[in-house]
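A.B. asks: From first to last, the protein sequence lines stand for chains A and B. Quick note: my numbering has the first sequence finishing at residue 733, numbered continuously throughout. Quick note: my numbering has the second sequence finishing at residue 733, numbered continuously throughout.
Number of protein chains: 2
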Amino acid sequence: MIEAGIACLGKGGMTAFTIDRICRQAGVSRGLVNHHFTTKEELLVSIYGHMTDYLLRENTAQSPQQQIAGFVESSFDEDSFNKSNLRAWLAIWGQVATNAELKALHQGRYFQYRQQLTGALIRIADLENLDIDAASIARRLIALIDGLWLEYCLHSNGFSLAAAKADCYHFLQSNGISLEPVHQPED
Amino acid sequence: MIEAGIACLGKGGMTAFTIDRICRQAGVSRGLVNHHFTTKEELLVSIYGHMTDYLLRENTAQSPQQQIAGFVESSFDEDSFNKSNLRAWLAIWGQVATNAELKALHQGRYFQYRQQLTGALIRIADLENLDIDAASIARRLIALIDGLWLEYCLHSNGFSLAAAKADCYHFLQSNGISLEPVHQPED
DNA sequence: GTTCTTATTGAACGATCGTACAATAGGAGG
DNA sequence: CCTCCTATTGTACGATCGTTCAATAAGAAC
Chain A
547 MIEAGIACLG KGGMTAFTID RICRQAGVSR GLVNHHFTTK EELLVSIYGH
597 MTDYLLRENT AQSPQQQIAG FVESSFDEDS FNKSNLRAWL AIWGQVATNA
647 ELKALHQGRY FQYRQQLTGA LIRIADLENL DIDAASIARR LIALIDGLWL
697 EYCLHSNGFS LAAAKADCYH FLQSNGISLE PVHQPED
Chain B
547 MIEAGIACLG KGGMTAFTID RICRQAGVSR GLVNHHFTTK EELLVSIYGH
597 MTDYLLRENT AQSPQQQIAG FVESSFDEDS FNKSNLRAWL AIWGQVATNA
647 ELKALHQGRY FQYRQQLTGA LIRIADLENL DIDAASIARR LIALIDGLWL
697 EYCLHSNGFS LAAAKADCYH FLQSNGISLE PVHQPED
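This is the structure:
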């Protein structure tokens, strides 16, 4: 049902996020959503939680370098960060200002995400005796990733996912962070 | 009426973009929208055209350095790039995949925008004998601007508009582009 | 004043929206 | 078998959606 909601958001944004279409997508009857979720907004919050769980999942990388590389790689994993999912994110971002519960969750999840990045950067700086502003780099890296993803999905003919990843690595390198790009196991 | 539509998009995204609310916002009666615009989607396209006209307006800067600085400065002008306008942009971006007419316009406007940036970068490279990939820098600068704007509007307590501008200038500098930041006339 | 075009109004239409609710199905525990 | 709890269904409701359309207001042209 959460998956069905994501699919609807991906198809037509918040306009397509209706009880009717979600139930049809999930193959269940109309009244079921309001049985499991008291309101439609609550379903939206659950959906956002589900989506961010994926982002904040345990990163099994050993070194902080591998951890950051893992972030970059998974940020442009075409299974998760495709046009459909971008629309879902755009729709949810557009509702953050309206839905207080969603806003609180979003602020928390974004903080966690940035903290994970910042922590890895600080560990790298400690290991290699670097003098960097880890929080600032994390913030700018997130901005770059979001912006590249936006560009890629809105006009994908412009460049490739590989180019987007390269841009991120280039950004890190120009900020003093060098890391061996890890190759994801191709399954 | 176009302004009223932007205001509605800013208040509640595409969900609030209804004939009723637009007319109420504009202070006119219900039937007027369909008199000037055959359909609601056509109004949305007009709104997007109006919004991008502002971005692509004639840049009166003399030097290419000033031109790029003008882009950065106006990208974080709080009159235009506030939370309300972000929501309008998010809503429109979310509809680009659905509305063919909107998609065509968006592709064209984005191409113009990137061309203006690329052209200025090429002129700088010519003047200063630099060997740069202007198109790539333009693309990454746009991504950084979009991402920073997104971050700023979604959790504005994180940093300031001045910091966002500084991030852009820092990015350009680390890519070999140095430019004197111009101070906008404060009117 | 008359005529024509345009701007604007407000009511009406069927469709769809979110939610509530009574009714049914099914499985677990006794 | 009976009883409870939960899962699921389908209908119903008032509200709002986009669009259509006849009616009116307002000027411009003559």
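We put the beta carbon where it would ideally sit given N, CA and C, even for glycine.
(1) To the nearest angstrom, how far is the alpha carbon of proline 727(B) from that of isoleucine 614(B)?
(2) Mind pulling the chain A residues with CB within less than 8 Å of lysine 629(B)?
(3) Using a C-beta to C-beta distance shorter than 9 Å, which residues of chain A count as neighbours of arginine 685(B)?
(4) In this structure, does DSSP put alanine 634(A) in helix, strand or coil?
(5) Closer than 9 Å by beta-carbon distance: list the chain A residues that pair up with methionine 597(B), in chain order.
(6) What is the DSSP secondary structure of glutamate 647(A), reduced to helix, strand or coil?
(7) Let me know the secondary structure DSSP gives cysteine 554(A) once reduced to three states.
(8) Run through chain A and tell me which residues come within less than 7 Å of glutamine 653(B), C-beta to C-beta.
(9) Taking the alpha carbon of leucine 694(B) as the point to measure from, which residue in Asp623(B), Ile670(B), Ile565(B) has its own alpha carbon closest?
(10) Based on Cα-Cα distance, which residue from Lys629(A), Thr606(A), Trp635(A) lies nearest to isoleucine 593(A)?
(11) Would you tell me roughly how many angstroms separate the C-alpha atoms of leucine 690(B) and aspartate 713(B), rounded to the nearest one?
(12) Using DSSP with H/G/I as helix, E/B as strand and the rest coil, what is histidine 561(B)?
(13) How big is the Cα-Cα spacing for histidine 652(B) and glutamate 587(B)?
(14) Just checking: is the beta-carbon of tyrosine 656(A) within a distance shorter than 8 Å of some beta-carbon in chain B?
(15) Distance cutoff 8 Å, beta carbons only. Does isoleucine 501(B) sit that close to anything in chain A?
(16) Taking CB distances under 8 Å as the criterion, tell me whether leucine 636(A) reaches chain B.
(17) Please go through the same chain and pick out, in chain order, the residues whose beta-carbon is closer than 7 Å to the beta-carbon of aspartate 567(B), but skip the five residues on each side of it.
(18) Let me make sure I understand the geometry here. Which of Asn605(B), Gly558(B), Ile638(B) has the alpha-carbon closest to that of glutamate 619(B)?
(19) Find out if the Cβ-Cβ distance for the pair glycine 780(A), glycine 640(B) is shorter than 8 Å.
(20) Anyone know if the C-beta pair for histidine 701(B) and tyrosine 656(A) falls short of 8 Å?
(21) Within the same chain, show all residues whose beta-carbon is closer than 6 Å to that of isoleucine 668(A), passing over the 5 residues directly before and after it, in chain order.
(22) If you measure from the beta carbon of isoleucine 691(A) to each beta carbon in chain B, is any gap under 8 Å?
(23) Would you kindly work out how many angstroms separate the C-alpha atoms of threonine 664(B) and alanine 684(B), rounded to a whole number?
(24) When you compare only the Cα positions, how much space is there between phenylalanine 627(A) and arginine 570(B)?
(25) Rounded to a whole number of angstroms, what is the C-alpha to C-alpha distance between methionine 547(B) and alanine 572(B)?
(26) Go ahead and pull the three-state DSSP assignment for serine 609(A).
(27) Which value, in whole angstroms, describes the spacing of the CA atoms of serine 724(A) and glutamine 611(A)?
(28) Verify whether the separation of the beta carbon atoms of valine 579(B) and leucine 590(B) is less than 8 Å.
(29) Please report the residue range of the alpha helix (DSSP H) in which aspartate 679(B) lies.
C.D. replies: To lay it out plainly:
(1) What you label residue 727(B) is simply residue 181 of the second sequence in a count that begins at 1. What you label residue 614(B) is simply residue 68 of the second sequence in a count that begins at 1. With a pLDDT of 45 at proline 727(B), under the threshold of 50, the predicted position of this residue should be treated as unreliable, though the coordinate-derived value follows. Spanning the two alpha carbons is a distance of roughly 9 Å.
(2) Mapped onto the second sequence, residue 629(B) falls at position 83. Near lysine 629(B) (Cβ distances below 8 Å), the residues of chain A are Ala643.
(3) Position 139 of the second sequence, counted from the first residue, corresponds to residue 685(B). Chain A residues near arginine 685(B): Leu694, Glu697, Gly704, Phe705, Ala709, Asp713.
(4) Start at 1 with the first residue of the first sequence, and residue 634(A) comes out as number 88. Look at alanine 634(A) here: in three-state DSSP terms it is helix.
(5) One-based indexing of the second sequence puts residue 597(B) at position 51. The premise fails here: methionine 597(B) is roughly 15 Å from chain A at the closest Cβ pair, so nothing lies under 9 Å.
(6) One-based indexing of the first sequence puts residue 647(A) at position 101. Per DSSP, reduced to three states, the secondary structure at glutamate 647(A) is helical.
(7) As a working note, residue 554(A) is residue 8 in the first sequence. Correct three-state label for cysteine 554(A): helix.
(8) The residue given as residue 653(B) occupies position 107 in the second sequence. What glutamine 653(B) touches in chain A, judged by beta-carbon distance under 7 Å, is His701, going in chain order.
(9) Your numbering for residue 694(B) matches position 148 in the second sequence. Cα-wise, what sits closest to leucine 694(B) is Asp623(B).
(10) One-based indexing of the first sequence puts residue 593(A) at position 47. Between isoleucine 593(A) and the set Lys629(A), Thr606(A), Trp635(A), the nearest pair of CA atoms involves Trp635(A).
(11) Counted from its first residue, the second sequence places residue 690(B) at position 144. Counted from its first residue, the second sequence places residue 713(B) at position 167. C-alpha separation (whole angstroms): 9 Å.
(12) Translated into positions along the second sequence, residue 561(B) becomes position 15. According to the sequence shown, residue 561(B) is threonine rather than histidine. Note: threonine 561(B) maps to helix in three-state DSSP.
(13) The sequence position of residue 652(B) within the second sequence is 106, counting from 1. The sequence position of residue 587(B) within the second sequence is 41, counting from 1. Looking at the two C-alpha atoms, the distance is approximately 14 Å.
(14) Working through the first sequence from its first residue, we reach residue 656(A) at position 110. So yes, tyrosine 656(A) belongs to the interface.
(15) This structure gives no information on residue 501(B), because the portion of chain B shown stretches from 547 to 733.
(16) Indexing the first sequence from 1 puts residue 636(A) at position 90. Closer than 8 Å: yes.
(17) Mapped onto the second sequence, residue 567(B) falls at position 21. Note on identity: in this sequence residue 567(B) is arginine, with aspartate being the wrong assignment. Excluding positions up to five away in sequence, the list reads Cys554.
(18) In the second sequence, residue 619(B) corresponds to position 73, counting from 1. Out of Asn605(B), Gly558(B), Ile638(B), Asn605(B) has the C-alpha closest to the C-alpha of glutamate 619(B).
(19) Absent from the structure is residue 780(A), since the part of chain A shown begins at 547 and ends at 733.
(20) Within the second sequence, numbered from 1, the residue matching residue 701(B) stands at position 155. Within the first sequence, numbered from 1, the residue matching residue 656(A) stands at position 110. At a Cβ-Cβ threshold of 8 Å, histidine 701(B) and tyrosine 656(A) count as neighbours.
(21) In the first sequence, residue 668(A) corresponds to position 122, counting from 1. Excluding sequence positions up to five before and after isoleucine 668(A), its CB lies within less than 6 Å of the CB of Ala680, all in the same chain and listed in chain order.
(22) Indexing the first sequence from 1 puts residue 691(A) at position 145. With 8 Å as the cut-off, isoleucine 691(A) counts as an interface residue toward chain B.
(23) By 1-based counting over the second sequence, the position of residue 664(B) is 118. By 1-based counting over the second sequence, the position of residue 684(B) is 138. Our two residues, threonine 664(B) and alanine 684(B), have alpha carbons roughly 6 Å apart in a direct line.
(24) Within the first sequence, the letter at position 81 stands for residue 627(A). Within the second sequence, the letter at position 24 stands for residue 570(B). C-alpha of phenylalanine 627(A) to C-alpha of arginine 570(B): approximately 38 Å in a straight line.
(25) As a working note, residue 547(B) is residue 1 in the second sequence. As a working note, residue 572(B) is residue 26 in the second sequence. If you take the alpha carbons of methionine 547(B) and alanine 572(B), they lie about 6 Å apart.
(26) Along the first sequence, one-based indexing puts residue 609(A) at 63. Coil.
(27) The sequence position of residue 724(A) within the first sequence is 178, counting from 1. The sequence position of residue 611(A) within the first sequence is 65, counting from 1. Their Cα atoms are separated by approximately 8 Å.
(28) On the second sequence, residue 579(B) is found 33 positions in, with the first residue counted as 1. On the second sequence, residue 590(B) is found 44 positions in, with the first residue counted as 1. Cβ distance not < 8 Å, so valine 579(B) and leucine 590(B) don't count as in contact.
(29) One-based indexing of the second sequence puts residue 679(B) at position 133. That residue, aspartate 679(B), is in no alpha helix (DSSP H); it is neither H nor E in DSSP.
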